[in-house]
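Student: Quick note on the working numbering: the sequence shown kicks off at 208 and runs consecutively.
Following this message is one structure expressed as structure tokens.
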Amino acid sequence: MGAAFLAIGAVAITAALLLGIGGAFIVLGATGAIVAGVLVIVAVVIGGVVVAVRPPGLPRGANGWIVAMGGALGLVLFMVVGVLVAGKAAGHYSWTMERLFRTVPEQPIDFPHPAHVRVAGIDCVFCHSSVDSEPMASVPPVEQCMFCHQVVGKDLPGVQQVIEAWQAGETIQWARVHRLPDHVRFVHEAHINYFTAKDSVPASAVCTLCHGEVGTMVQVEQVEDLRMGFCVDCHRDNDAPTDCTTCHY
Ligand code: HEC
Ligand code: HEC
Ligand code: HEC
Ligand code: HEC
Ligand code: HEC
208 MGAAFLAIGA
218 VAITAALLLG
228 IGGAFIVLGA
238 TGAIVAGVLV
248 IVAVVIGGVV
258 VAVRPPGLPR
268 GANGWIVAMG
278 GALGLVLFMV
288 VGVLVAGKAA
298 GHYSWTMERL
308 FRTVPEQPID
318 FPHPAHVRVA
328 GIDCVFCHSS
338 VDSEPMASVP
348 PVEQCMFCHQ
358 VVGKDLPGVQ
368 QVIEAWQAGE
378 TIQWARVHRL
388 PDHVRFVHEA
398 HINYFTAKDS
408 VPASAVCTLC
418 HGEVGTMVQV
428 EQVEDLRMGF
438 CVDCHRDNDA
448 PTDCTTCHY
């Protein structure tokens, strides 16, 4: 009985380890595989401690190792899954929790603002064309990129990705960087028009109030917290409405 138990246990644990690390690599990339590897080491250490302490009932020798390792792996995975599921579930109900889990999102193509804004001198509103006329700023469709990229930068790998998407008739699925919770209403147009008139500046000078210097960001990040206090403070300073229904549905 001992030998069969040992063989099946060893195979099962090895298979679980390889599946776990391989799965982490596929789903989360190299970093995920490293994290999975570290978790396995933690589990082995816990297993080792359990074997060394040898609680009553734990078999001796290799069998003891397998039972301890299986238990430790299960415990570590349970804790990790528990933290992720609890966080996700809380994030579903709370924007604050969701933000804790949010990082700068991966974009399908590395789109550098500096090359366009600083070097090529293109205005924000040329690309985010509805920003001064509609609630949403909008991101240009790939056709608009081709306006320049049929000619400009055709040998750059990023531009080749853009050309491929256009030739395949695909839309580029840009990941959202800024997003307010669903119960909040935001309108770009009113803000842009108010501040361009008040300060006699072009629209592109207004964006910095809430987005920082996007023209210098190789990858767009959120720089303001966009919490209610941030909105309401500025509304007070500018005699803009602060009643709840202005911003909440
Ligand atoms: C008005 C012209 C213009 C438009 C419109 C335009 N670009 Fe560009 N883009 C440029 C110029 C100029 C460069 C710099 C080329 C160089 O460095 O040789 C560039 C560079 C790039 C690069 C390569 C950056 C690098 O250094 O590797 C990518 C990727 C890119 N653009 C994507 C886009 C996408 C996506 C769109 C549409 C949302 C777009 N561009 C719209 C002019 C434009
Ligand atoms: C050549 C077109 C182009 C120009 C010019 C441009 N953008 Fe963008 N912008 C994009 C594209 C494409 C994205 C989506 C990819 C990304 O987030 O990097 C984007 C994303 C953004 C985002 C993030 C949107 C989100 O998901 O929350 C902000 C904010 C932004 N741009 C602001 C600006 C500002 C401010 C300027 C002027 C200083 C500017 N952009 C100039 C094309 C452009
Ligand atoms: C008063 C603050 C404020 C100003 C000024 C502002 N934005 Fe935004 N922007 C936001 C907020 C808040 C969001 C997220 C909106 C949401 O989730 O509904 C956003 C989202 C965006 C997005 C992604 C979603 C969309 O609307 O298409 C882009 C692109 C963008 N802004 C570009 C710009 C540009 C370009 C300017 C300047 C011309 C600008 N913004 C000025 C606050 C601002
Ligand atoms: C930099 C200052 C500033 C910030 C930051 C700001 N606002 Fe405003 N907002 C204003 C001003 C000024 C007005 C009034 C514009 C007018 O009178 O046309 C306004 C108007 C509005 C309106 C009414 C638009 C309409 O005409 O229907 C909404 C909704 C709104 N803001 C939401 C927000 C939200 C949500 C945030 C935070 C994410 C925010 N604002 C951040 C200055 C700001
Ligand atoms: C100028 C815009 C603005 C006004 C006015 C405003 N809110 Fe908000 N509110 C926001 C934004 C943006 C958020 C989301 C960010 C956050 O949670 O701070 C929010 C979030 C909230 C939340 C959720 C908080 C959380 O942690 O999930 C509540 C509740 C709320 N607001 C109530 C109110 C009440 C009540 C009023 C009127 C006294 C009001 N708001 C007026 C912009 C506004």
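Here a beta-carbon is modelled for each residue, glycine too, at the ideal position from N, C-alpha and C.
Just so you know, these numbers come straight off a predicted model, no measurement behind them.
To the nearest whole angstrom, what separates the beta carbons of VAL257 and ALA269, a pair I think is in contact under 8 angstroms?
Tutor: By one-based count along the sequence shown, residue 257 stands at place 50. By one-based count along the sequence shown, residue 269 stands at place 62. That pair is no contact at about 14 angstroms.
Student: Is it buried or exposed for VAL252, if we count other Cβ within 10 angstroms and need 16 for buried?
Tutor: Translated into positions along the sequence shown, residue 252 becomes position 45. That one is exposed.
Student: Quick one: residues in its chain with C-beta nearer than 6 angstroms to the C-beta of GLY360, no 5 flanking neighbours on either side, listed in chain order?
Tutor: The count along the sequence shown starts at 1 and reaches residue 360 at position 153. For GLY360, where only same-chain residues beyond five positions count, the Cβ hits under 6 angstroms are VAL366.
Student: Using a 10 Å radius around the Cβ and a threshold of 16 neighbouring Cβ atoms, would you call ALA375 buried or exposed?
Tutor: If you number the sequence shown from 1, residue 375 lands on position 168. With fewer than 16 Cβ atoms within 10 Å of its Cβ, ALA375 is classed as exposed.
Student: What runs of the alpha helix (DSSP H), each 4 residues or longer, lie entirely inside the region 304-384?
Tutor: Within the region 304-384, the complete alpha helix (DSSP H) runs of at least 4 residues are 331-334, 349-356, 364-374.
Student: Can you round the beta-carbon distance between VAL427 and HIS335 to whole angstroms, since I take them to be within the 8 angstroms contact cut?
Tutor: Stepping through the sequence shown from its first residue, residue 427 is reached at position 220. Stepping through the sequence shown from its first residue, residue 335 is reached at position 128. Contact flag wrong, Cβ pair sits at about 11 angstroms.
Student: To the nearest angstrom, report how far apart GLU420 and ALA410 are at their CA atoms.
Tutor: Within the sequence shown, the letter at position 213 stands for residue 420. Within the sequence shown, the letter at position 203 stands for residue 410. One C-alpha to the other measures close to 13 angstroms.
Student: Name the two residues that bound the continuous alpha helix (DSSP H) containing THR449.
Tutor: For the purposes of this step, residue 449 is identified with residue 242 of the sequence shown, where counting begins at 1. Segment: none, THR449 is in no alpha helix (DSSP H) and carries neither H nor E.
Student: For ALA174 and LYS405, I'd like the C-alpha separation in whole angstroms.
Tutor: Because the chain is modelled from 208 through 456, residue 174 falls outside the range shown and cannot be assessed.
Student: Express the C-alpha separation of SER407 and TRP373 in angstroms, rounding to a whole number.
Tutor: Position 166 of the sequence shown, counted from the first residue, corresponds to residue 373. Position 200 of the sequence shown, counted from the first residue, corresponds to residue 407. Roughly 38 angstroms separates the two Cα atoms.
Student: Could you tell me the distance, in whole angstroms, from the CA atom of ILE370 to the CA atom of HIS356?
Tutor: Within the sequence shown, numbered from 1, the residue matching residue 370 stands at position 163. Within the sequence shown, numbered from 1, the residue matching residue 356 stands at position 149. Between ILE370 and HIS356, the C-alpha separation is close to 7 angstroms.
Student: Give the DSSP-derived three-state secondary structure of VAL391 in the structure shown.
Tutor: As a working note, residue 391 is residue 184 in the sequence shown. Correct three-state label for VAL391: strand.
Student: Can you grab the Cα-Cα spacing for the pair PHE393 / SER340, in whole Å?
Tutor: Locating residue 393 in the sequence shown gives position 186, counting from the first residue. Locating residue 340 in the sequence shown gives position 133, counting from the first residue. When rounded, the distance between both Cα atoms is 13 angstroms.
Student: Ligand 1 and HIS320: does any heavy atom of the ligand fall closer than 7 angstroms to the residue's C-beta?
Tutor: Mapped onto the sequence shown, residue 320 falls at position 113. Every heavy atom of ligand 1 is 7 angstroms or more from the Cβ of HIS320, so no.
Student: Which two residues bound the contiguous alpha helix (DSSP H) that contains CYS417?
Tutor: Here residue 417 refers to the residue found at position 210 of the sequence shown. Counting along the chain, the alpha helix (DSSP H) containing CYS417 begins and ends at 415-418.
Student: Determine the contact status of ILE228 and ALA240, defining contact as a CB-CB distance below 8 angstroms.
Tutor: Here the question's residue 228 lines up with position 21 in the sequence shown. Here the question's residue 240 lines up with position 33 in the sequence shown. Yes. Within cutoff.
Student: I'd like to know if ASN400 contacts chain D, where contact means its C-beta is closer than 8 angstroms to some C-beta of that chain.
Tutor: Included in the structure is just one protein chain, with no chain D present.
Student: Which two residues bound the contiguous alpha helix (DSSP H) that contains MET435?
Tutor: Counting from 1 along the sequence shown, the entry for residue 435 is found at position 228. Note, MET435: alpha helix (DSSP H), 435-444.
Student: For ligand 4, I want to know if ALA447 counts as a neighbour, meaning its beta carbon is within less than 7 angstroms of at least one of the ligand's heavy atoms.
Tutor: If you number the sequence shown from 1, residue 447 lands on position 240. For ligand 4, at least one heavy atom lies less than 7 angstroms from the Cβ of ALA447.
Student: Pull the bridge partners of HIS455 from the DSSP assignment, please.
Tutor: Along the sequence shown, read from residue 1 onward, the residue named residue 455 stands at position 248. Answer by DSSP bridge pairing, in chain order: VAL391.
Student: Three Cβ pairs or more, each shorter than 8 angstroms: is that satisfied between the region 277-290 and the region 241-250?
Tutor: Judged by Cβ distances under 8 angstroms, the region 277-290 makes contact with the region 241-250, as three or more pairs qualify.
Student: Would the beta-carbon of ILE316 be found less than 7 angstroms away from any heavy atom of ligand 1?
Tutor: Counting from 1 along the sequence shown, the entry for residue 316 is found at position 109. Correct: ILE316 has its Cβ closer than 7 angstroms to ligand 1.
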